[in-house]
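*Asks:*
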Amino acid sequence: MSARATGISDEDIARVEEMVARVASSSELLDDRRGVMPQAFSVLSQIPPENPAGLRINNHLIRLLYETIPHPVATLLGEDRFRQADGSRNNIHIPAIGQAGTPYARTCQGRHPLPIPALPDSALVFDELLKSTGKRTEHPGKNSSLTFAFAAIVTHSLFRTDPRDWNKNNTSSYFDLSPLYGSNQVEQDAVRIKDGRGRLYPDTFSEGRLVFLPPASAALLVIWNRNHNYIADTILKINEQGRWKTPPPESAGERATQDDEIFQTARLINCGSFMSVILGDYVAGFLGLGRTGSSWAMQPFDPFKDPNNQPVGRGQGNHVSVEFNVLYRWHSVPSDEDESWTSGVFKKLFGDRPFGSLTLADFYEALGRLRKGAVHPDLITEPEPQKRDFGGIKRGPDGRFTDDDLAFVLQNATESVAHRYGARGTPEVFKVVEILGIEQARRWGVCSMNEFRMRMGLKPFATFEEWNRDPAVANAARKLYGTVDNLELYPGLHAEETMALGPGSGLCAGYTITRSILSDAIALIRGDRFFTTDFTPTNLTAWGIQDIARDPNNGAFGAYLPKLLMRNLPRHYPHNSAYSMFPFFTPPATRENLTKLKLADKYTFERPVATPAPKIINNISGIKYVHNNISKYTSLHGLKMEYVTNSGAMVLDEEPQQAVERSIVWRTLFPEKDDLDKHTRYYRKTIRSLIQAKSISYDNSPGNYVDIVGDIINTATVRWVSEHVLGISLKSNTNPNGDISEQGLYQALKTIYSYVYLPSSPHLEWVQSMQAKGAADDLILLIKASIERATQQKRGLIQFTQRMVYTGLSRPNSDESTRVDRFLKDLVAGGKSIDEVAGLVLGIAAGSTMNFAQAVAHTIDFYLQAQHHKQLQHIVKLAFKDDEESSKLLAGYYREAARLNPQPSGHFRTAAETHEIPQGVDVPSIHVQQGDLLFCSYKNTHLDPDLFPSATHIDPRRPVEAYLLQDTSINREFSERSISVIMREIFSLKNLRRAPGPKGIMRQIVDAGESEIYVTLDGGLSPLPKSLVLMYDR
């Protein structure tokens, strides 16, 4: 039977076959709404059996359907979502791949005979090819010794040869931070507290070998220890899935389960940060990306296909080899300081023996003494990791090293320049270690240098001169090995001619080493299931995934180590310091490079001086003294606002200097007696209309839902400030040609406000400052356009053209626009330039809207808490009244909410001079030195029983004078009257209640800096509230 006999044309068959083949090959995603699959099955069912096209289409469909489901599966649920202590089960189908305690792999088959008796003496090889002769040369890229302190952690993560069996590797083959966490369960248990919080013992790491290295490696591991504990604390506070309890469960079993989940999750995130440093700092440095200002990075994580449409493997496991054990040796690069450190260790171990005379027998004998403790006291390693010291620094009573000591070690390492790679560059102190490496490579039977190059896809050397153009080195190798094919891998790698500093080349190691390291780094990351197929928000939490995400605009060209240094040593690593942002390069080299890139003015290059720990002022008298004598203190708020606005903008919390300015603004904004009433009526109308417009209901569920923060409060404040202060036209469905959207304006003001007023960790400040500056620049252009429009009374074509350029055609000519025009015009009439007025207006807008919205959100959330139900009932009754007494009580309830749940917990000031801060009768004064950091704690003050009898009791009738609230606008009366109006509109909603689940909760946590921040619905953190969904009935 022909195809036509069945009603299917040959053309239809060919078309369907081509279409199915394309879809089956996954060259494009299937749009199932176009009916491709039904067409295919319909045609296939009508093709005669003897037509071979039917079988081909059938096979394409079977392949498509079968290969849609992975075979074998890539991941499993349950305990396999976490890393095993020994690295096993990274590949769930071949669990032993990469497991600690298993033999090394072999990367390259060695077919060229290199019998040990025929090879030159290993000591002679060192002396002729590796030993430094004369003064060592600095690294061409001026890498700091911190680069190779980190490299030592990488090496110790992957290689830990069993001293009893050189074929066995006692650590895993993954970037799993085993030097921190240990390489088996016993070692891991020794560094864990196991109290239900998932934490490690403070400043503790597992790998005892690192105490014999220069101290920067151990100091970096302490940073990762602190980062683990920071992560564990944060994910416990966020508690994304609501499974964990604070405090931890009393039941030993439940507590152990919770501790393990938090620990393992924090470990996944922390290993992700380690991987981020490897790619974003270490490999990027090898490629010399920072010298060109490039923030590009390789992306080895995602699935993709090769040109033959075959998937490129990922998450299949790794197993390190002896060839790479030979390769990862960094003995030519230590700085002078690190060489001196190593010499000191060897002298304590070997006495006055010349380093060049030490033999392997001497080395083994010394190791035996070391294991028995029969050595210099400085070399005895404390068996309990949490008691172990290193580098001459000691733990305090709390088990931690001081921040000062850690920063001293790390910043010294940044200042110390490393030396070059290559032949005849290794200090003699490493001779016995290099001899051991050469002998190990021989016992392993590794391939020759040329064989390894071919395995790496590189052309083999024909002559020694191709391998190294230095005649002295080439001739020395020729004398030792005869022909280049006999060149051993160990000296072949480490004495090869090095790559020059230039585009794409920053490591400046041998060509073969550089090529091989790049392959190994990508293989180790792409082959790791926990960096690929299991690298998900479910396993790492949504916050964790965001925390280790690379930011190419962070001021460090996407490097990640700066974040760790600034987060964990915030007083010692400022956000714009070369020591913070480019720690893998010496500061003079960084200055030179940034100068070439025309970026040097954005950074500082002097060694940072630690900022002082803040002195806390809890006393109301002390806080008032600080506020009333502001000339004795400096605040970053004014400096930050001046930076973003390019002018001396008004900062709302700086009194009394700006009291006159505030008064002028107040009179200009509210010139008439009834203007304050007009503004509060505006809020009433806007809140009411927004609730009506933004509320939603579901077909089969009772009640109305409204995001009272995101859609109502935040939007209302943005509308008010745009219409009454900024003169900016907001885009909407009825005004598509407006200047900016409501969300865009809110985000811009939030960015500026957060940067200027809210405390921030140094690792966030660079991005925040850049974003705030960009937002301010954009808004100032719009504000200046509004000022020009308000002050230049033009007519006809000129006016029409101006409106087109500045504001679009759709700006409403309403009473509101007239009012804001008058406001802007009056400010200019006061004698300020347009630039000054624009900065002033932006300062007013940012300072008076974001914290106003936050205050309203806090108040609504506060009285919807179950323990405040009695007060809520009273507030609801007041909301239906419209008299002066009810307004005063609503304002009182707002003040009490702000007192008991303040927006900021206080403010920082820096003493500009040495003086005493009085704290009232019978309370000793606080002595402050110039430069001291002060923290005025409002929260503690507002719980002072002398000021507030029964301080935890809510009393809306307390005297106004007792409160020390952060100003929420340019005038307290305006704030309280407006907030009272908003409370009336919201609390008068029938049966107002929280929406079920997380959306009905405005969650706050306390961060590491003791500031309260908000947990967003997507698992992130925000300095200001973003959402609170409530329900009400019609």
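Position one of the sequence shown corresponds to residue 58 (the working numbering), numbered consecutively onward. The C-beta atom is built at its ideal place from N, Cα and C for all residues, glycine as well. None of the values given here were measured: they were computed from a predicted structure.
1. On a CA-only basis, which of 86, 105, 82 is nearest residue 70? Give me that one, please.
2. Just grab the DSSP bridge partners of residue 1050 for me.
3. Check this for me: beta carbons of residue 664 and residue 644, under 9 Å apart or not?
4. Please state the DSSP three-state secondary structure of residue 689.
5. Considering only the alpha carbon of each residue, which of 503, 260, 373, 342 lies closest to residue 457?
6. Please name the residue in 449, 999, 1050, 510 whose C-alpha comes closest to that of residue 1020.
7. Take residue 1066 as the anchor and find which of 352, 287, 347, 243 has the nearest alpha-carbon.
8. How do the segment 227-243 and the segment 144-156 stand: do at least 3 beta-carbon pairs fall below 8 Å, yes or no?
9. Select from 185, 1074, 282, 209 the residue whose C-alpha is nearest the C-alpha of residue 271.
10. Which residue from 504, 1018, 927 puts its Cα closest to that of residue 163?
11. Helix, strand or coil, according to DSSP, for residue 223 in the structure here?
12. Have a look at 416, 413, 402, 348 and flag the residue whose alpha-carbon is nearest the alpha-carbon of residue 1100.
13. In whole angstroms, give me the CA-to-CA distance for residue 843 and residue 720.
14. Using a threshold of 9 Å, state whether the C-beta atoms of residue 101 and residue 80 are closer than that.
15. Among 669, 508, 530, 279, which has the Cα closest to the Cα of residue 542?
16. With DSSP as the reference, label residue 159 as helix, strand or coil.
17. Whole angstroms is fine: what's the gap from residue 816's alpha carbon to residue 224's?
18. Could you pull the DSSP bridge partners for residue 984 from this structure?
19. My guess is that residue 142 and residue 242 are in contact by the Cβ rule of under 8 Å, so how many angstroms apart are they, rounded?
20. Does the separation of the CB atoms of residue 964 and residue 920 fall below 9 Å?
21. Within the segment 305-390, note down every full beta strand (DSSP E) run reaching 3 residues or more, in order along the chain.
22. Taking three-plus beta-carbon pairs below 8 Å as touching, is the segment 314-325 in contact with the segment 240-257?
23. If you reduce the DSSP assignment to three classes, tell me which class residue 858 lands in.
24. Is residue 1056 helix, strand or coil by DSSP?
25. Over the uninterrupted alpha helix (DSSP H) stretch that includes residue 238, give me the two end residues.
26. Can you give me the C-alpha to C-alpha distance between residue 868 and residue 793, rounded to a whole angstrom?
27. Compute the Euclidean distance between the alpha carbons of residue 365 and residue 83, then round it to the nearest angstrom.
28. Of the choices 176, 697, 976, whose alpha-carbon is the least far from that of residue 544?
29. In the DSSP assignment, the alpha helix (DSSP H) including residue 996 goes from what residue to what residue?
30. From the DSSP output, which residues share a beta bridge with residue 761?
31. Any chance you could list the alpha helix (DSSP H) runs of at least 4 consecutive residues sitting entirely within the segment 817-853, in chain order?
32. Provide the residue span of the alpha helix (DSSP H) that contains residue 526, from first to last.
33. Just the C-alpha distance for residue 221 and residue 424, rounded to the nearest angstrom, thanks.
34. In chain order, what residues of the same chain lie with their CB nearer than 6 Å to the CB of residue 702, ignoring the 5 residues before and after it?
35. With the cut-off set at 9 Å, would you say residue 909 and residue 673 are in Cβ contact?
36. Could you tell me if residue 519 is buried or exposed, where buried requires 16 or more neighbouring beta carbons within 10 angstroms of its beta carbon?
*Replies:* In short:
1. Position 13 of the sequence shown, counted from the first residue, corresponds to residue 70. The option with the nearest alpha carbon to residue 70 is 105.
2. Locating residue 1050 in the sequence shown gives position 993, where the first residue counts as 1. Its beta-bridge partners are 1088.
3. Walking along the sequence shown from the start, residue 664 turns up at place 607. Walking along the sequence shown from the start, residue 644 turns up at place 587. Yes, Cβ-Cβ distance for residue 664 and residue 644 is below 9 Å.
4. Your numbering for residue 689 matches position 632 in the sequence shown. Residue 689: helix per DSSP, three-state reduction.
5. Position 400 of the sequence shown holds residue 457. Closest option to residue 457, Cα to Cα, is 260.
6. To locate residue 1020, count along the sequence shown from 1; it is residue 963. Per the Cα distances, 999.
7. To locate residue 1066, count along the sequence shown from 1; it is residue 1009. Nearest C-alpha to residue 1066: 287.
8. yes
9. The residue you call residue 271 lines up with position 214 of the sequence shown. Of 185, 1074, 282, 209, the residue nearest in Cα terms is 209.
10. The residue given as residue 163 occupies position 106 in the sequence shown. For residue 163, the nearest C-alpha among the options comes from 504.
11. In the sequence shown, counting from the first residue as 1, residue 223 sits at position 166. If DSSP states are grouped into helix, strand and coil, residue 223 belongs with the strands.
12. Because the chain is modelled from 58 through 1091, residue 1100 falls outside the range shown and cannot be assessed.
13. In the sequence shown, counting from the first residue as 1, residue 843 sits at position 786. In the sequence shown, counting from the first residue as 1, residue 720 sits at position 663. C-alpha separation (whole angstroms): 22 Å.
14. Position 44 of the sequence shown, counted from the start, is the residue given in the question as residue 101. Position 23 of the sequence shown, counted from the start, is the residue given in the question as residue 80. No, the Cβ-Cβ distance between residue 101 and residue 80 is not below 9 Å.
15. Residue 542 sits at position 485 when you count from the first residue of the sequence shown. Ranking 669, 508, 530, 279 by Cα distance to residue 542 puts 508 first.
16. Taking the sequence shown and counting its residues from 1, one reaches residue 159 at position 102. Strand at residue 159.
17. Here the question's residue 816 lines up with position 759 in the sequence shown. Here the question's residue 224 lines up with position 167 in the sequence shown. Their backbone Cα atoms lie some 53 Å apart in a straight line.
18. By one-based count along the sequence shown, residue 984 stands at place 927. Answer is 973.
19. By one-based count along the sequence shown, residue 142 stands at place 85. By one-based count along the sequence shown, residue 242 stands at place 185. With a Cβ gap of about 4 Å, residue 142 and residue 242 count as contacting.
20. The residue given as residue 964 occupies position 907 in the sequence shown. The residue given as residue 920 occupies position 863 in the sequence shown. In this structure, residue 920 does not lie closer than 9 Å to residue 964 by Cβ.
21. none
22. yes
23. Residue mapping note: residue 858 aligns to position 801 of the sequence shown, counting from 1. Caution is warranted here: a pLDDT of 43 is assigned to residue 858, below 50, making its placement in the model unreliable, and no coordinate value can be reported.
24. Start at 1 with the first residue of the sequence shown, and residue 1056 comes out as number 999. It is helical.
25. Position 181 of the sequence shown, counted from the first residue, corresponds to residue 238. Its alpha helix (DSSP H) spans residues 235-238.
26. Here the question's residue 868 lines up with position 811 in the sequence shown. Here the question's residue 793 lines up with position 736 in the sequence shown. Confidence in residue 868 is poor, its pLDDT being 44 and thus under 50, which makes the residue's placement unreliable; the coordinate value appears in the next sentence. Distance between the alpha carbons of residue 868 and residue 793: 10 Å.
27. In the sequence shown, residue 365 corresponds to position 308, counting from 1. In the sequence shown, residue 83 corresponds to position 26, counting from 1. Those two C-alpha atoms are separated by around 12 Å.
28. The count along the sequence shown starts at 1 and reaches residue 544 at position 487. Comparing Cα-Cα distances from residue 544 to each of 176, 697, 976, the minimum goes to 176.
29. One-based indexing of the sequence shown puts residue 996 at position 939. From DSSP, the alpha helix (DSSP H) with residue 996 extends over 995-998.
30. The residue labelled residue 761 in the question sits at position 704 within the sequence shown. BP columns for residue 761 point to 754, 1089.
31. 819-848
32. The count along the sequence shown starts at 1 and reaches residue 526 at position 469. First-last for residue 526: undefined, no H or E at that position.
33. The residue labelled residue 221 in the question sits at position 164 within the sequence shown. The residue labelled residue 424 in the question sits at position 367 within the sequence shown. So the two alpha carbons sit approximately 12 Å from each other.
34. Counted from its first residue, the sequence shown places residue 702 at position 645. 833, 896, 899, listed in sequence order.
35. Translated into the one-based positions of the sequence shown, residue 909 becomes position 852. Translated into the one-based positions of the sequence shown, residue 673 becomes position 616. No.
36. As a working mapping, residue 519 is identified with position 462 in the sequence shown. Exposed, by the Cβ-count rule.
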